[in-house]
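Residue numbers (the numbering used here): 781 to 1297.
Idealized CB from N, CA, C, for every residue including glycine.
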Amino acid sequence: MFIKRSRNKALANHQPLHHPDHRRPITRREFIAQGFRAGTATVFGASALSLFANPRAAQAALSSDLEALKSSCSLGVQGAGKIPFICFDLAGGANIAGSNVLMGKSGGQQDFLTTAGYNRLGLPGDMLPNDPAFVNQEMGLAFHTDSGFLRGIQARTGAGTRAATNGAIIAARSENDTGNNPHNPMYGIYRAGADGSLLSLIGSRSSDSGGNSLAPMDLIDPEARPTKVDRRTDVTGLVDVGDLVGLLDQSDAVAVMESIQRISDAKMNRVNTQITADEVIKDLVRCGYVKSADLADRFGDPSTLDPDLDPDIVGPGGIFTSAQYNGESEFRKTAAVMKLVVNGFAGAGTITMGGYDYHTGERGTGERRDFLAGECMGACLEYAARRNMPLMMYVFSDGSVSSNGRIDDSAEGRGKGEWTGDNQQTAASFFLVYNPNGRPAAIRNQIGYMRADASVETASSPAANNVNQLVQTVLLNYMALHGEQGNFGTTFPGHGLGNATLQDSLIALPGIVSGTI
């Protein structure tokens, strides 16, 4: 008599994963990967930022003479003006290739794998991308039509946002269940010129990388050590405009600070400190007052930094309803990061999401978590669209999973193959670029490729079998969006991406801005 084994039930998004073939988690990375600990939001910045707190009141404007002095004091408004960059660190080894973003052989995304290869990627014979009904290209980059990532992105974006987006998938093998993959590109993005008016980088943890995975050692900049922020009050507390804005409205507070600066300047012009650094001291005093007036001008309105008060993010007409926003911590974390990055307050940021080691012997858990990640990705793209700003969004995970072909025909399993084990051979990363001026025409949508059996061809690109060079490939593409790929060798000396001809073969999208936006 044949007895059918009962299927495991799908787990809720924040329910931890108990794997009998894994040791008990003992490190913070292992706790995050298996969902025992949330991937919190972190902000990178100078330690002096910990002194700031509590913005108040409504937007004012500096006088023209102080605007000129502000420039001489190096007080920026939109940071370095580079394209905002957000990456998603899906801790644990999420599926990316095949069931989410299509990956093909050497001919590109639609140079199809074998049926057995797609079966390994969790796609049954009746859902293969050989059938055009299972290929979605509304964002340029081809997704499987039933991709959890895609469905989540669609839930949080408008059609216009998706029509102005393109991207690429990168075949890139990485180790399973380890924090030793140097996946995180944040320091490299900073070296390439990304910066913010308040912070250089934001991230997920107070680690050297700011995320779950490591950063390449040769890119780490000690000046960009993380300051941890895991709630909206920590974001709004980045700037203190003082008690004056509490006593007066914002316009009056700015006017008072301007008057104090002018009085101080008149007095300073009559002062001789009798030391050789006389002008330096005067400049420090002048700039101190201008900085205070500038802070009151730019951050006196609490909605300037507070994602909870941003109507584009939450509430009627927002990306999230109030119920959705208050009911899901990943939405609030994503909102805090995208608020800072897209508005130029931070140059780049990482969002770590835990619990993506989802080979649980069924499919529903992975589908749920992929959909949630897709919603957070979509929120970032849609927020950039609403702010009329470009955005590069990069998604990676440590290792991947594969299926043995057994079908989960439950409603949550969606008739796809169960995830049954870790598999670094099926790993990939991808990025999407939103351009408010219209979709960038792709040079290529796939970098490297898979063999017909759905294993990464490790000789297909420098990134395919070397995570450090995967990061370099992402950095090259970021610089290419600014038309600065010719500076890659001087910005990252000792890189492993070969000569200019080989580098050109690794660039997916043409430049969308020249130097700065």
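**Message:** Less than 8 angstroms between the C-beta atoms of ILE969 and PHE865, yes or no?
**Reply:** yes
**Message:** So, under 8 angstroms CB-CB, ILE1093 and TYR1136 are touching, yes? Tell me the CB distance rounded to an integer number of Å.
**Reply:** About 24 angstroms separates the two Cβ atoms, so there is no contact after all.
**Message:** For the stretch 914-924 against the stretch 1193-1207, do three or more pairs of beta-carbon atoms, one drawn from each stretch, fall closer than 8 angstroms, so that the two count as touching?
**Reply:** no
**Request:** Would you give the residue range spanned by the alpha helix (DSSP H) that ASN899 belongs to?
**Result:** 895-900
**Request:** Can you tell me which of the three DSSP states GLU1162 falls into?
**Result:** helix
**Prompt:** When you compare only the Cα positions, how much space is there between THR1114 and ASP1178?
**Reply:** 20 angstroms
**Prompt:** Going by Cα to Cα distance, which pick from HIS1275, GLN1205, TYR1214 and HIS1262 is closest to ILE876?
**Reply:** GLN1205
**Message:** Excluding the 5 residues flanking ALA874 on each side, which residues of the same chain have their C-beta closer than 6 angstroms to its C-beta?
**Reply:** TYR1136 and SER1177
**Request:** Count the other CB atoms, across all protein chains shown, that sit within 10 Å of the CB of GLU1264; report buried if there are 16 or more and exposed otherwise.
**Result:** buried
**Request:** Quickly, what does DSSP pair SER1182 with across the bridge? List them, please.
**Result:** GLY1201
**Item:** Backbone secondary structure at ALA1243 - three-state DSSP
**Value:** coil
**Asked** Between the beta-carbon of GLY938 and the beta-carbon of MET966, is there less than 8 angstroms?
**Response** no
**Asked** Where does ASN1267 sit, in a helix, a strand or coil, going by DSSP?
**Response** helix
**CB contact flag (LEU1161, LEU1171, <8 angstroms)** = yes
**Asked** What span of residues does the beta strand (DSSP E) with PHE868 cover, start to end?
**Response** 865-870
**Prompt:** Is it right to say SER1182 is buried, meaning 16 or more other beta carbons lie within 10 angstroms of its own, or is it exposed?
**Reply:** buried
**Boundaries (first-last residue) of the alpha helix (DSSP H) holding THR1281** = 1280-1284
**Request:** Return the CA-CA distance between GLY1154 and LYS1119, expressed in angstroms with no decimal places.
**Result:** 18 angstroms
**Asked** Do THR1130 and GLY1343 come within 8 angstroms of each other at the CB atom, strictly closer than that value?
**Response** Here the chain comprises residues numbered 781 to 1297, so residue 1343 is not present and cannot be evaluated.
**Item:** Minimum length 4: unbroken alpha helix (DSSP H) runs contained in the stretch 921-970
**Value:** 928-936 and 939-943
**Asked** Taking Cβ positions, are PRO1087 and VAL1015 nearer each other than 8 angstroms?
**Response** yes
**Prompt:** For the alpha helix (DSSP H) that contains GLY1107, what are its first and last residues?
**Reply:** 1102-1107
**Message:** I'd like to know whether the C-beta atoms of PRO904 and HIS924 end up nearer to each other than 8 angstroms.
**Reply:** no
**Asked** Are ASP869 and SER993 closer than 8 angstroms when you measure CB to CB?
**Response** yes
**Prompt:** Taking the DSSP output, what are the residues bridged to PHE1210?
**Reply:** ILE949 and VAL1175
**Message:** My assumption, with CB atoms under 8 angstroms, is that ASN1257 sits in contact with ILE1223. Please give the rounded CB distance.
**Reply:** That pair is no contact at about 10 angstroms.
**Prompt:** To which residues does DSSP link MET919 through a beta bridge?
**Reply:** LEU921
**Message:** Between the stretch 924-935 and the stretch 880-900, can you find at least three pairs of beta-carbon atoms closer than 8 angstroms?
**Reply:** yes
**Request:** Quick one: give me the first and last residue of the beta strand (DSSP E) that LEU979 is part of.
**Result:** 979-983
**Prompt:** Whole-angstrom Cβ separation of ASP1188 and GLU1142, contact assumed at under 8 angstroms?
**Reply:** 5 angstroms
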